[in-house]
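Written out below as structure tokens is the structure these notes cover.
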Amino acid sequence: MTEMFRDKVDVALTVNGEPVEARVPAGQHMIDFLRLDLGLTGAHASCEHGVCGACTIRVDGVSVRGCLMLAAQADGAEVWTVEGLTDTAAITDLQDAFVARNALQCGFCTPGMLVAAEELLSAGGTPSRAEIREHLSGNYCRCTGYEAIVDAVESVAKARAGKGDA
Amino acid sequence: MTIQFNDPDRPNSYIGKTVPRPNATKLVQGRGRYVDDIALPRMLHVAFARSPVAHAKIGEIDLDEAKAVKGVLRVFTGKDLAEVCTPWVAVLAHLKGLKSPPEHPLAVDRACWVGEPVVAVVATTRAAAEEAASLVMVDYEDLPAVTDTMTALDKDTPVIHPELGDNLAFRRLHEEGDVEGAMAQAHKVVSARFRTARHTGVTLEPRSILVDWNPAEGQMTAYHATQAPHMMQTVFAKHLDIPESRVRVICGDVGGSYGIKVHVYPDEVATAAIAKMMGRPIKFIADRLESYSTDIHARDHEIEAKIAVDKDGKILAIDVDDWTGIGPYSVYPRTSAIEGNQVVNLCGGPYDFANYRAQTTVVFQNKTPTCQYRAVGHPIAVAITEGLVDMAAAELGMDPVEIRRRNMYADDAYPVTSPAKMRFEGLSHHASMDKLIGMMDYDALRADQEDARKRGKYRGIGIASFIELTNPSPFMYGIGGARISAQDGCTVRMDPDGSVVALSGVTEQGQGTEAMLSQIVAEGVGVNPSQVRIVTGDTQVTPYGGGTWASRGAGIGGEAALQAARALRDSILEVAGAMLQADASTLDIRSGQVVDGDSGEERMPLEELGRIVYFRGDTLPKDLPRELVQTRHFITMEYPFAFTNGVQASYLEVDTDTGVVTLLNHWCVEDCGRVINPQLVDEQIRGGIVQGLGGALYEEIHYDAYGQLLNGSMADYLVPMAAEMPDMQIGHVETPTGESELGAKGAGEAGTAGAPAAVMNAINDALRPLGAQVTEMPFTPERILRALGKIED
């Protein structure tokens, strides 16, 4: 293997606030690196070509499809998954709202859905239901029919806006 | 002591209330444990080389390149697995005439659909197994493919399985009354041709299985994303020659099922066979192309149907000729004749009429096998029935609500037997319709529709009444010889700390099964739901049962849980009576405390009773029973099925320039008997509606004339997304079944059953002033523009 076409790549990144160094296969997807090598099984592989959003994670502040990114691209990145967002209590209100509203059934889409929803909410403002639906259109849910998810996200948006006013 | 369900202030009144799901919190934290999250020591991965053609003789197989891939340990062909795994034949004795050839875990001599597994590659990583599978070289000698349903029985069409004689898998004709006579004398006869597209379930978690064979113990453990663990236990035992008692199926979190994960799949049986041959854990996770090409398909029907009405709109006769293509094999063990059979059973379901004829013709073809998927047969039967009723109303100039009111069984008519010979214990079509009309403010909506039309907008209202088959008895599968349990059981025990554990044979795939069970057990025993732990999905631990399908979890599993909980309560109170020197009948259990039944005065916490029974049993009378574990089973006996009913309405707008349909609102009133958890029932209905809306507007598996699958990805097979879906208004009427104390019927499929017909009728209501009509689902922009005459070729 030449330096130009290595089949293994060294990466150093942070995942959920913790430093990670690894030598990853050049073709390994980020979602597989997280799930197989780091044991972070919260984000899920589903369609494996960037359509369904079940593998959505946060990379350098934005939602990214874990199945469309190579682990080798993560050198120097700051990566957050549902596990880290849970441990740091960053999305507790959103998680509580999902449980209270039963905005999940099988739960397979939920970790990705939460990351996508948090991206919208953290942009500030109080999105309308239509804006919430539009933002979540890259995340498939086959169980709920979406309405409960929209309700949960809307309730958190309003609650956060209320707190901001106070 | 019976539970006073109508008194919301009764003690421990958890049944009928929205109680949070105990397993939801772990799922929002990413702490679920789906099959692919499990890794076992020495685990290997299997990937499959699959047929790229619809029908071919399998010639020489060259495995050299595949075996050379780093990490590959073994490669298996169909002949290799046939030595350790017996084939299966998916027929049922009560579906007379149903035939199907033997099917192997890997194709042996012949591949019969695109995606059929041919060679299995086992490697240390999934990536290596997949790479090697792509390097398997098979010499496929093309055979003619049968792809068209309607010509499958023609003389010049090749026969897929020559040993079966023809391509007919199953045919059933049901006749009641004098259809020809009624048609001849009718005021109006309306006929139409309907078509429902091939769908698949698109579970976000693909099919997943991890099988571990321990030769030292002679035990197989399968971690399986399945709806029916005990059924799979029987299947693995039977076909891999293992005693049933030595097969354990564990079903943890399941990422969606909808009927997809209740069938036997060749690649999953192959995984188990390979685990047994290699003595190591083997994992198979389907990729998305495998999901589209090998998960069961459903609903590929073509129908000619007629309705006859008198001048008052009374239905005189319905005549249905239904055809469906099921792929090359009937699917094991439930068979692929059930869907067509359901169409025959369900057409005309809400209506009191006399003359009925329906025939279903089920043919083989070289496509992915079809089988039972959420609301089996219902969306087809409801579309036929409600489409015809709306067309008849239009022909008569009658309001679609009015024609339904004139024909639905009266709410006090029950019990009745339908012309399809279905027996209805108690339904509420009129009360449900009245509630729906109120919720949607029908007259105001008609005014809005008229107003919109003046502005050049084409809006439509569509109504769909329906019945839904739930709580199946052995009449569904057991009488046909399938080892699929219609009975289910629950074991409830009290531990020393006063907490309660319930083990149930029904399973959870996100419906809220465990929440439902926890609130029933909590009320039945007299503790808080948080004091109840639910265990499901482990054949070595739970009572034997059927699992979760056909909307049976609450009605069957819930009643078993209630009876077990009540029995435990009685056992606890017998001990409490001895300890407190009181008559047990004067005591009650409330919020984990033994109390005086009349005054509610607290006498003793359950943990004190637990301490005495488990650690100081010497202080209790010698002959006092102290069994703090009780098991009860439940099976329906009076009716083969507990039918539910409901009615849906859709309000939408059709853009007549683009053919695009915009859903404006959707309503559903549903009667599933006793509602145990209102929130969970509503969300089952909403989710079901959206699956039905997908069928109405987007979902369609495409094949070319050679049987090649054309849209095997989520980018090409469209499912509903958040932005296109409406908010939905859900209402209930409650007509509990008398078969159980709980009175619950199923609710999981009602949404899917009625939504497509409601949308079809709404589109046709919108298009009627333009003289256009659509009856072929999904109602894509292209089909709508063709109906409008705006595309012609």
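Quick note, the sequences are listed as chains A and B, same order.
Position 34 of the first sequence, counted from 1, bears residue number 34 in the UniProt record's numbering, the numbering being contiguous throughout.
Position 320 of the second sequence, counted from 1, bears residue number 320 in the UniProt record's numbering, the numbering being contiguous throughout.
For each residue, glycine too, the CB sits at the ideal point set by N, CA and C.
Under the DSSP assignment, B:N665 falls in the beta strand (DSSP E) whose first and last residues are V661 to D671. Taking C-alpha positions only, B:A107 is separated from B:P328 by approximately 12 Å.
Counting C-beta atoms within 10 angstroms of its own C-beta, B:H378 has 16 or more neighbours from the protein chains shown and is therefore classed as buried. For A:C143, at least one C-beta of chain B is nearer than 8 Å to its own C-beta. When Cβ-Cβ separations below 8 Å define contact, B:S713 makes contact with chain A.
For the options B:Y414, B:L135, B:E574 and B:N645, the alpha carbon positioned closest to that of B:E65 is the one of B:L135.
Remark: C-beta atoms of B:I307 and B:V190 approach each other more closely than 8 Å. Under the three-pair Cβ rule at 8 Å, the stretch 265-282 of chain B counts as touching the stretch 67-87 of chain B.
With contacts defined by Cβ atoms closer than 8 Å, B:M714 and B:R21 do not form a contacting pair. By the beta-carbon neighbour count (other beta carbons within 10 angstroms, threshold 16), B:L173 is exposed. Excluding sequence positions up to five before and after B:D538, its CB lies within less than 6 Å of the CB of I250, all in the same chain and listed in chain order. Distance from the CA of B:A56 to the CA of B:K99, rounded to the nearest whole angstrom, comes to 21 Å. Counting only runs that start and end inside the stretch 138-164 of chain A, there is no beta strand (DSSP E) element of at least 3 residues. Per DSSP, B:F194 is not a residue of any alpha helix (DSSP H); the beta strand (DSSP E) it occupies stretches across K188 to T196. Burial is judged here by how many other beta carbons sit within 10 angstroms of a residue's own beta carbon; B:V344 has at least 16 and is buried. Following the DSSP letters along the chain, one finds B:E83 in no beta strand (DSSP E), marked with neither H nor E. Between B:L346 and B:A381, the gap from beta carbon to beta carbon is short of 8 Å.
Shown here for A:P111: same chain residues with a beta carbon closer than 6 Å to its own, the five before and five after excluded, namely G42, A43 and V82 in chain order. Taking all protein chains shown into account, A:M69 has 16 or more neighbouring C-beta atoms within 10 Å of its C-beta and is therefore buried.
Contact annotation for B:L27 against chain A: L104, G107 and T110 [CB-CB distance below 7 Å, chain order]. Contact of B:P20 with chain A by beta-carbon distance below 9 Å involves V99, A100 and N102.
Residues A772 of the same chain have their beta carbon placed closer than 8 Å to that of B:G789, with the five preceding and five following residues left out of the count. When CB distances to chain A are screened at a threshold of 8 Å, the residues of the stretch 201-231 of chain B falling below it are G201, V202, T203, L204, E205 and P206, in chain order.
Under DSSP, B:Q219 shares a beta bridge with B:N214. With its beta carbon at least 8 Å from every one in chain B, A:G17 lies outside the interface.
DSSP, reduced to helix, strand and coil, places B:A723 within a helical segment of the structure shown. The C-alpha of B:N471 lies about 17 Å from the C-alpha of B:N677. Taking one beta carbon from each stretch, the stretch 705-713 of chain B and the stretch 688-696 of chain B have fewer than 3 pairs nearer than 8 Å; the two do not touch.
Taken in chain order, the complete beta strand (DSSP E) segments of 3 or more residues contained in the stretch 440-484 of chain B are 458-470. Among the residues facing chain A, B:V719 is included, as its CB has a counterpart in that chain under 8 Å away. Here DSSP, grouped into helix, strand and coil, assigns B:P162 to helix. Cβ contact annotation for B:G349 (same chain, cutoff 6 Å, sequence separation greater than five): I467, in chain order. B:R632 counts as buried, since no fewer than 16 other beta carbons sit within 10 angstroms of its beta carbon. Taking a Cβ-Cβ threshold of 7 Å, the residues of chain B close to A:R133 are A722 and A723, in chain order.
By a beta-carbon distance limit of 8 Å, B:E339 contacts B:T324. Their separation comes to about 7 Å. Between B:T752 and B:A237, the C-beta spacing is not below 8 Å.
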